[in-house]
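Sequences listed follow chains A and F, in order.
Going by full-length UniProt numbering, the first residue of the first sequence is number 1, and it counts up by one from there.
Going by full-length UniProt numbering, the first residue of the second sequence is number 1, and it counts up by one from there.
Cβ coordinates follow ideal geometry from the N, Cα and C atoms, glycine included.
This one's a predicted model, so the numbers in the text were calculated from it and none came from an experiment.
This report refers to the structure that appears directly beneath it.
Number of protein chains: 2
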Amino acid sequence: MKRTTYAGLVDEKYLGKEVVLKGWVQKRRDLGNLIFVDLRDREGIVQLVFSQEFSEEALKTAENIRSEYVLEVEGKVVERANANPNMKTGKIEVEVSKVTVLNEAKTTPFDISDNINASDDLRLQYRYLDLRRPEMLKALKIRNRITQAVHRYLDENNFLDIETPYLTRSTPEGARDYLVPSRVYPGHFYALPQSPQLFKQLLMGAGVDRYYQIARCFRDEDLRGDRQPEFTQIDMEMSFMTAEEIQTMTEGLLKEVMKDTLGIELKTPIPRITWDEAMNRFGSDKPDMRFGMELKDMAQAVSGAGFKVFDSTLENGGQVKAITVPGGADKYSRKHIDEKQEYIKRFGAKGLAWLKVTDEGLTGPIAKFFKENEEQILAAAEAKPGDLILFVADNKKVVADALGYLRVAIAKEMDLIDQDKFEFVWVVDWPLFEYSEEFERYIAAHHPFTMPNEEDLDLLATDPHKCHAQSYDIVLNGYELGGGSIRIHQRRVQEAMFKALGFTKESAQAQFGWFMDALDFGFPPHGGLALGLDRFAMLLAKKDNIREVIAFPKNSKASEPLTHAPSPVAPKQLDELYLKTEAPEDKD
Amino acid sequence: MKRTTYAGLVDEKYLGKEVVLKGWVQKRRDLGNLIFVDLRDREGIVQLVFSQEFSEEALKTAENIRSEYVLEVEGKVVERANANPNMKTGKIEVEVSKVTVLNEAKTTPFDISDNINASDDLRLQYRYLDLRRPEMLKALKIRNRITQAVHRYLDENNFLDIETPYLTRSTPEGARDYLVPSRVYPGHFYALPQSPQLFKQLLMGAGVDRYYQIARCFRDEDLRGDRQPEFTQIDMEMSFMTAEEIQTMTEGLLKEVMKDTLGIELKTPIPRITWDEAMNRFGSDKPDMRFGMELKDMAQAVSGAGFKVFDSTLENGGQVKAITVPGGADKYSRKHIDEKQEYIKRFGAKGLAWLKVTDEGLTGPIAKFFKENEEQILAAAEAKPGDLILFVADNKKVVADALGYLRVAIAKEMDLIDQDKFEFVWVVDWPLFEYSEEFERYIAAHHPFTMPNEEDLDLLATDPHKCHAQSYDIVLNGYELGGGSIRIHQRRVQEAMFKALGFTKESAQAQFGWFMDALDFGFPPHGGLALGLDRFAMLLAKKDNIREVIAFPKNSKASEPLTHAPSPVAPKQLDELYLKTEAPEDKD
């Protein structure tokens with residue numbers, strides 16, 4: 001029998017009609033001569049009624065069915081006596097004239113319902129049950145709508161969907177590669193791509209003009225909250241376009257996605273701020289724009305008042321900045337503020353000074369220093385009675401980090417963030433390089449193929465760390481949703497870039513010679529960007545971990561409790577690859 | 001300056017207008033005071049004219065440009081004096097008022113034009129140049145149109161695009177896995193998936209109902225003509241549908257693809273023939289339906305005529321079958337037929353008997369045996385004067401293989417195949433198992449998750465090799481385009497299947513226990529199929545190797561001459577993975 005529609009879609013327009021439905025038993029209530037069954041499928045739940053009146057045989061079958069049995073039912077849609085306004089299908093029910101049990105089910109290890117209380121690993125071990133839960137299916141649907149919108153919009157805009165290799169060459173620059181041993185070339189390895197970066201640039205060299213791909217990327221990194229060994233990127237590259245034109249194209253894409261997934265009309269153009277402005281105003285290169293509480297420069301207002309910490313910081317070229325917590329004076333006790341002080345120490349801050357604003361003026365341990373400056377302080381901090389002003393005095397980076405993170409933490413505590421808002425912002429004009437404490441040298445802030453600003457090209461040879469880049473990040477609700485840049489398309493600039501990164505001519509040639517050779521043959525000016533699909537889906541589904549929007553993710557230890565991957569393999573498999581493992585000891 | 005349109009799209013409607021174009025120099029003709037340049041981009045070529053009359057500066061620049069330089073030009077579209085009817089843009093030309101050289105280019109190692117004479121490895125080494133050639137860009141565009149049609153059609157039909165893992169568990173059953181060593185679990189390995197088979201079945205268990213994915217698959221096999229280490233599958237799975245319903249859904253998809261890529265109206269339903277019929281009529285499970293020349297059973301017509309080879313074959317339960325080559329009597333000399341006899345020996349055939357049909361009757365070395373049977377033979381073979389009848393007498397399999405391949409080889413030689421035709425056919429009702437000479441046991445003809453026909457379920461325990469399966473292949477022009485089946489959704493059937501395949505209870509549990517456990521929890525009836533995207537694109541682009549429709553393929557030795565993958569890696573990378581290579585000797 002062919003299904004009439006999804007169980008979750010049976011509504012008043014089917015009244016009086018015969019329908020065939022297929023789905024799972026959500027729950028069963030047995031009233032003896034009357035049995036009610038909630039039948040669930042991908043689209044929702046409908047109430048079935050079994051009674052001698054409709055079919056004795058069906059009633060008999062219904063006596064033995066249990067949760068998660070798979071049923072095919074035939075019946076008539078009728079009005080429900082006690083309508084349930086909380087259900088999409090709450091006004092109707094189906095009087096079952098025929099039922100077939102298509103499959104039976106054991107008792108599931110957790111409920112098939114939202115907000116369950118099961119461990120992450122149990123959920124992953126039974127992922128096929130976890131995904132039956134409506135909130136999980138909804139997340140998968142949102143992710144699907146994003147990809148559909150991407151394909152549609154980019155196709156309409158002349159982009160070609162082109163696949164690049166997953167078995168490719170290892171490039172030790174960057175994150176750690178996953179390796180794939182070759183059986184044909186002993187001692188040789190493919191690497192899984194960290195991104196299709198160079199291949200998409202080669203496609204621009206090939207004249208493809210507009211490329212995109214929804215591409216899997218792989219990084220063998222230590223795992224944190226929202227990292228996965230494999231993740232997915234909406235990857236785009238365009239020839240002959242400026243950074244602004246690429247941003248405009250991307251905005252069209254975001255508009256389409258927001259509309260298709262959530263029915264939201266995204267206003268464009270999306271605001272653009274420079275990296276400097278983002279750091280100054282929000283203490284972050286991925287500012288959450290859903291609320292204010294911006295960082296205020298307090299130097300002028302506090303200097304010379306005799307508070308030594310501030311004065312000496314300013315004398316040594318440092319900064320004194322503050323955020324003003326609206327209504328924070330009452331809400332934050334001294335103990336509470338001490339906790340915040342602890343919190344910001346991880347960013348290198350030595351202390352957190354504070355003032356409360358009362359109707360009688362400023363209070364707090366350092367208030368006595370600022371009797372004369374009250375007006376300037378209130379003006380600079382944009383504070384009013386009832387507010388709390390939190391100060392950090394240190395070098396530029398520490399001030400930004402400490403107040404930037406504090407701003408977000410307090411906004412969450414104070415419930416200042418409208419969870420229904422989606423605030424995008426472009427952060428542009430990044431530094432080309434950043435200093436890496438780990439490598440003790442400058443590294444590429446984006447990647448080594450990013451084009452410096454035209455006016456900074458000469459600096460590349462002399463003062464590389466002063467260069468700014470033609471790069472841009474798109475930020476959503478405080479998350480880096482994606483980023484991109486105009487790329488280098490000429491060999492001499494690429495060579496200068498590698499030199500600035502500390503490569504010798506020989507080491508650059510050995511590692512990237514094949515790519516620089518390509519630049520000899522007429523590459524067009526080009527640029528692009530990549531959006532993190534997992535993160536995008538996570539934000540639109542209002543989840544707090546990308547695992548919730550990936551069908552079969554790895555757990556926090558990069559393993560997969562369902563299939564038990566990774567696993568030991570047969571000795572023959574290793575022999576064929578000319579490999580020997582020398583594990584210190586089996587951990588699993 | 002923003003590009004007005006693609007160079008290849010400038011036509012009469014731009015006459016008299018100023019345009020900005022960006023592209024590559026295809027060729028330059030210098031007539032002194034007049035320089036013509038063919039400017040090429042993704043969409044084609046347009047003729048530029050440089051002259052003192054339009055711009056002295058532009059003319060000067062044009063004197064120094066060479067092939068494959070990248071130009072931005074501004075100019076006026078005018079009618080061309082000598083229209084070129086072979087060019088889309090042949091009626092117009094652009095009088096250049098301004099030109100900027102965006103990049104220079106060295107001389108390319110081969111021409112940027114169709115039908116070049118360069119080795120495969122040279123083309124792959126300079127793939128970014130190879131892809132500039134119009135026929136290659138066209139192939140990429142056809143592939144893109146296929147994927148766009150797939151996304152659109154399946155989205156319209158309620159399928160969800162869901163990604164499954166690329167880092168997963170090794171399953172030694174099937175082809176050889178590519179392995180990925182784990183850094184977190186020494187001695188443990190992920191495997192790259194040979195297909196998303198079990199994950200898509202799990203998604204049906206999760207209630208996704210309709211799944212699809214354009215999925216990369218990996219097989220570390222010895223390479224043949226059109227095999228690649230990684231290839232792409234249009235992968236689909238549906239719940240609660242019959243094999244016929246799945247086929248109908250697929251036909252809708254094929255219709256959409258044929259229309260979107262080539263503008264062809266595919267007639268549906270696509271013919272369905274059983275596997276038995278395909279083997280009997282065409283000697284192949286992937287029959288090329290673009291021409292006739294079917295295999296004819298000659299047993300009745302030839303038996304008892306005294307030709308020993310035929311008689312003894314038939315007495316021993318073998319077959320005598322023939323194909324009739326229309327007009328082959330004159331075209332095929334004895335020497336030529338001897339070559340064909342050599343050819344079919346690889347399929348186990350011991351000989352090739354033949355008769356030519358003349359106006360005077362049958363001729364040839366064995367004609368003397370069949371003086372009495374001429375009429376029956378002509379009727380059975382559907383032969384007429386001028387035809388050649390080719391006989392093979394052997395067991396069923398050898399007859400099918402030998403005549404099946406011979407049929408195709410001769411059709412190609414005789415030019416009987418209409419290269420503009422696209423003939424699809426479903427081959428259904430396959431045997432569930434096939435005997436593997438390699439493993440000396442029965443193996444799954446499709447895979448171990450294929451559902452036997454309902455009426456054969458009991459045979460699974462008693463005579464498994466007699467079972468037929470609810471499986472189906474879709475064949476296009478003699479190529480297996482894809483295949484699928486209804487899957488097993490109940491644990492007891494899956495257990496019986498593994499048993500029939502020679503698994504013990506323990507070995508089945510060890511390897512597939514995690515999957516069989518899932519079947520305990522109410523899996524719906526489901527099935528699906530997968531189409532080979534590379535092969536589909538190859539056929540629609542009329543290429544003879546899938547390398548021609550893959551942007552960056554591996555060569556025939558599974559290596560990639562552009563980036564030199566696979567490559568040796570740093571010792572540190574192996575140490576981190578607790579691996580040692582014990583290569584007998586470096587091959588590269």
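* **Where Thr-100(A) sits in the DSSP three-state scheme** => Against the first sequence, residue 100(A) aligns to sequence position 100. Look at Thr-100(A) here: in three-state DSSP terms it is strand.
* Test: Pro-271(F) CB closer than 9 Å to a CB of chain A -> Working through the second sequence from its first residue, we reach residue 271(F) at position 271. Chain A contact via Cβ: absent.
* If you run the structure through DSSP and keep just helix, strand and coil, what is Gln-300(F)? -> Here residue 300(F) refers to the residue found at position 300 when the second sequence is read from its first residue. Correct three-state label for Gln-300(F): helix.
* Asked: Tell me, which residues are paired with Leu-71(F) by DSSP?
  -> By one-based count along the second sequence, residue 71(F) stands at place 71. DSSP output for Leu-71(F) lists Gly-23(F) and Val-101(F) as bridge partner(s).
* Please confirm whether Leu-122(A) and Ala-551(A) have their CB atoms less than 9 Å apart. => Looking up residue 122(A) in the first sequence gives position 122. Looking up residue 551(A) in the first sequence gives position 551. Contact flag unset, no.
* Close beta carbons around His-446(F), own chain, < 6 Å, minus the five adjacent residues each side -> Here residue 446(F) corresponds to residue number 446 of the second sequence, with the count starting at 1. Excluding sequence neighbours, His-446(F) sits near Ser-471 and Ser-485.
* Buried or exposed: where does His-336(A) fall if 16 or more other Cβ atoms within 10 Å of its Cβ makes it buried? -> Sequence index remark: in the first sequence, residue 336(A) carries index 336 (1-based). Exposed, since its Cβ has fewer than 16 Cβ neighbours within 10 Å.
* **Given 8 Å, three or more beta-carbon pairs between the segment 433-441 of chain A and the segment 299-311 of chain A** => no
* **is_contact[Arg-219(A), chain F] using C-beta, thresh 9 Å** => One-based indexing of the first sequence puts residue 219(A) at position 219. Chain F, which has no Cβ nearer than 9 Å to the Cβ of Arg-219(A), makes this no.
* Asked: Where does Met-1(F) land, buried or exposed, given buried means 16+ other C-beta within 10 angstroms?
  -> Here the question's residue 1(F) lines up with position 1 in the second sequence. By the neighbour-count rule (16 or more Cβ atoms within 10 Å), Met-1(F) is not buried but exposed.
* Asked: For the beta strand (DSSP E) that Leu-203(A) lies in, which residues bound it at each end?
  -> Mapped onto the first sequence, residue 203(A) falls at position 203. Element bounds for Leu-203(A): not the beta strand (DSSP E) but the alpha helix (DSSP H), 197-205.
* **Residue interval of the alpha helix (DSSP H) (run including Gln-148(A))** => For the purposes of this step, residue 148(A) is taken as the residue at position 148 of the first sequence. Residue range 134-156 is occupied by the alpha helix (DSSP H) that includes Gln-148(A).
* To do: Specify the secondary structure class of Pro-525(F) as computed by DSSP and reduced to three states.
  => The sequence position of residue 525(F) within the second sequence is 525, counting from 1. Coil at Pro-525(F), not helix or strand.
* To do: At 3 residues or longer, and completely inside the segment 33-68 of chain F: list those beta strand (DSSP E) runs for me, N to C.
  => 34-41 and 44-51
* Applying a beta-carbon distance threshold of less than 7 Å, which residues of chain F neighbour Thr-147(A)? -> Start at 1 with the first residue of the first sequence, and residue 147(A) comes out as number 147. Per Cβ cutoff of 7 Å: Asp-161.
* **Per-residue contacts from Trp-275(A) into chain F (C-beta, under 9 Å)** => The residue given as residue 275(A) occupies position 275 in the first sequence. Neighbours of Trp-275(A) on chain F: none; closest Cβ ~26 Å, over 9 Å.
* Asked: What are the uninterrupted segments assigned as beta strand (DSSP E) that are 3 or more residues long and contained completely in the segment 337-378 of chain A, given in chain order?
  -> For the beta strand (DSSP E) assignment, the uninterrupted runs of no fewer than 3 residues enclosed by the segment 337-378 of chain A are, from N- to C-terminal side, 353-358 and 361-363.
* Asked: beta strand (DSSP E) containing Gly-482(A): first to last residue?
  -> Indexing the first sequence from 1 puts residue 482(A) at position 482. Per DSSP, Gly-482(A) belongs to the beta strand (DSSP E) from 479-486.
* Out of Pro-571(A), Thr-581(A), Pro-553(A) and Lys-572(A), point me to the one whose CA is closest to Phe-218(A)'s CA. => Within the first sequence, the letter at position 218 stands for residue 218(A). Closest option to Phe-218(A), Cα to Cα, is Pro-553(A).
* Bridge partners of Asp-30(F), per DSSP? -> Position 30 of the second sequence holds residue 30(F). For Asp-30(F), DSSP records a beta bridge to Ile-35(F).
* Asked: Taking 9 Å as the CB-CB cut-off, is Asp-121(F) touching chain A?
  -> Taking the second sequence and counting its residues from 1, the one referred to as residue 121(F) is at position 121. Chain A, which has no Cβ nearer than 9 Å to the Cβ of Asp-121(F), makes this no.
* Asked: For Ala-329(A) versus Val-357(A), is the C-beta distance shorter than 9 Å?
  -> Locating residue 329(A) in the first sequence gives position 329, where the first residue counts as 1. Locating residue 357(A) in the first sequence gives position 357, where the first residue counts as 1. For Ala-329(A) and Val-357(A), yes; Cβs fall inside 9 Å.
* To do: Please report the Cβ distance between Gln-26(F) and Arg-3(F), rounded to the nearest whole angstrom; I am assuming they are in contact, meaning their Cβ atoms lie under 8 Å.
  => Within the second sequence, numbered from 1, the residue matching residue 26(F) stands at position 26. Within the second sequence, numbered from 1, the residue matching residue 3(F) stands at position 3. Their Cβ separation, rounded to whole angstroms, is 17 Å, which puts Gln-26(F) and Arg-3(F) out of contact at 8 Å.
* Neighbour-count burial assignment, residue 593(F), 16 or more Cβ in a 10 Å radius -> There is simply no residue 593(F) to check, as chain F begins at 1 and stops at 588 in what is shown.
* **Alpha carbon of His-564(A) to alpha carbon of Gly-522(F), nearest angstrom** => Here residue 564(A) corresponds to residue number 564 of the first sequence, with the count starting at 1. Here residue 522(F) corresponds to residue number 522 of the second sequence, with the count starting at 1. His-564(A) and Gly-522(F): Cα-Cα distance of roughly 22 Å.
* To do: For my contact list, Gly-207(A) and Arg-132(F) are in at a C-beta cut-off of 8 Å; report their separation, rounded to the angstrom.
  => Locating residue 207(A) in the first sequence gives position 207, counting from the first residue. Locating residue 132(F) in the second sequence gives position 132, counting from the first residue. Confirmed, Cβ separation roughly 5 Å.
* Asked: How about Met-1(A): is its Cβ closer than 8 Å to a heavy atom in the ligand COA?
  -> In terms of ligand content, the structure shown is empty, and the ligand COA therefore cannot be addressed.
* Asked: From what residue to what residue does the beta strand (DSSP E) around Leu-179(F) run?
  -> Stepping through the second sequence from its first residue, residue 179(F) is reached at position 179. Per DSSP, Leu-179(F) belongs to the beta strand (DSSP E) from 179-181.
* Flag this pair as yes or no: are the beta carbons of His-489(A) and Pro-448(A) separated by less than 9 Å? => Counted from its first residue, the first sequence places residue 489(A) at position 489. Counted from its first residue, the first sequence places residue 448(A) at position 448. No, they are not a contact pair.
* Taking C-alpha atoms, which residue in Arg-346(A), Gly-318(A), Val-150(A) and Arg-281(A) lies nearest to Met-258(A)? -> Reading the first sequence from its first residue, position 258 is the one you call residue 258(A). Selected option, being the one with the closest Cα: Val-150(A).
* Asked: Since Tyr-166(F) meets chain A, which of its residues come closer than 9 Å, beta carbon to beta carbon?
  -> Taking the first residue of the second sequence as 1, we reach residue 166(F) at position 166. Simply Tyr-166, Leu-192, Arg-216, Phe-218 and Glu-230.
* To do: Note down the Cα distance separating Ile-474(F) from Arg-210(A), rounded to an integer number of angstroms.
  => Position 474 of the second sequence, counting from 1, holds the residue named residue 474(F). Position 210 of the first sequence, counting from 1, holds the residue named residue 210(A). So the two alpha carbons sit approximately 33 Å from each other.
* Asked: Per DSSP, Ile-389(A) is paired with what?
  -> Here residue 389(A) refers to the residue found at position 389 when the first sequence is read from its first residue. Per the DSSP secondary-structure output, Ile-389(A) pairs in a beta bridge with Thr-324(A) and Leu-355(A).
* Contact residues within the segment 430-450 of chain A, judged by C-beta distance below 7 Å to chain F -> none
* Taking Cβ positions only, does Asn-103(A) come closer than 9 Å to chain F? -> Mapped onto the first sequence, residue 103(A) falls at position 103. Answer yes: the Cβ-Cβ gap between Asn-103(A) and chain F drops below 9 Å somewhere.
* Asked: In chain order, what residues of the same chain have a beta carbon less than 8 Å from the beta carbon of Leu-574(F), not counting five sequence neighbours either side?
  -> The residue given as residue 574(F) occupies position 574 in the second sequence. Excluding positions up to five away in sequence, the list reads Lys-580 and Thr-581.
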